[in-house]
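So for the sequence shown, our numbering puts the first residue at 6; every next one is plus one.
Note that beta-carbon positions come from the ideal geometry of N, C-alpha and C, so glycine has one too.
Fair warning: this is a prediction, and the values are worked out from it, not measured in the lab.
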Amino acid sequence: MNGDVSSNVSSNVSGKPLPQISDLTRPFWTAAKQRKLVLQKCTQCGTFQFFPKPWCIECGCRDMPWTEARPSGTVYTFTISRSVVMNYRGWEKDLPVLMCLIDLDEGTRLYAQVVDCQPEHIHIGMRVQVCFEDISEDAGIPKFRPL
Ligand SMILES: [Zn+2]
6 MNGDVSSNVS
16 SNVSGKPLPQ
26 ISDLTRPFWT
36 AAKQRKLVLQ
46 KCTQCGTFQF
56 FPKPWCIECG
66 CRDMPWTEAR
76 PSGTVYTFTI
86 SRSVVMNYRG
96 WEKDLPVLMC
106 LIDLDEGTRL
116 YAQVVDCQPE
126 HIHIGMRVQV
136 CFEDISEDAG
146 IPKFRPL
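What follows is the structure, encoded as structure tokens:
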């Protein structure tokens, strides 16, 4: 190990890895840059889904326009990271990092960081609302904070 991060993962100025954005996922990241939480919503059955797929996970419909979602949810579960992994030193200033599975009020589950919360206060069932952080000139990332 020489301390280098994987060569096929780009890193932003903060020293954190950037997502690999595809045509399928770009609307999610672009909307977050514009401070909106958007999800694919099926025009046939109304299901919101995450993460993005070319078809509805409930009915198979392929008409899944990106739709603004209610910006709130509930912590389904969480883990507290107290050390930097994979040599992404940009995470050091954020430690401890609260990584959560959030059950959005729209009915789908999202993997996201909870911020502005002491580790001793995070709990399953905690109500949270979305907030955003820029990760590049073109993309933002949704995070959550306690309601
Ligand atoms: Zn559907």
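- Contact between the segment 20-28 and the segment 88-105 is established, with three or more Cβ pairs separated by less than 8 Å.
- Distances taken from the Cβ of Gln49 to the heavy atoms of ligand 1 include one shorter than 7 Å.
- Put simply, of Ala74, Ser27 and Ala37 the residue whose alpha carbon is nearest the alpha carbon of Arg114 is Ala74.
- Note that the C-beta distance between Thr35 and Asp143 is below 8 Å.
- Linking Cys136 to Met104 through their CA atoms gives a straight-line distance of about 14 Å.
- With a threshold of 7 Å, the Cβ atom of Thr52 counts as near ligand 1, since some heavy atom of the ligand is closer than that.
- Under the 8 Å Cβ criterion, the segment 51-68 does not count as touching the segment 120-133, having fewer than three qualifying pairs.
- A Cβ-Cβ contact shorter than 8 Å links Ser77 with Asp110.
- In this structure Gln118 does not touch Lys98 by the C-beta definition: roughly 13 Å separates them, more than the 8 Å allowed.
- Along the segment 64-88, the beta strand (DSSP E) occurs as fully enclosed runs of 3 or more residues at 71-73 and 77-86, listed in sequence order.
- Short note on Glu63: C-beta closer than 7 Å to some heavy atom of ligand 1.
- By the beta-carbon neighbour count (other beta carbons within 10 angstroms, threshold 16), Ile129 is exposed.
- Secondary structure note for Phe149: its beta strand (DSSP E) is the uninterrupted segment Gly145 to Pro151.
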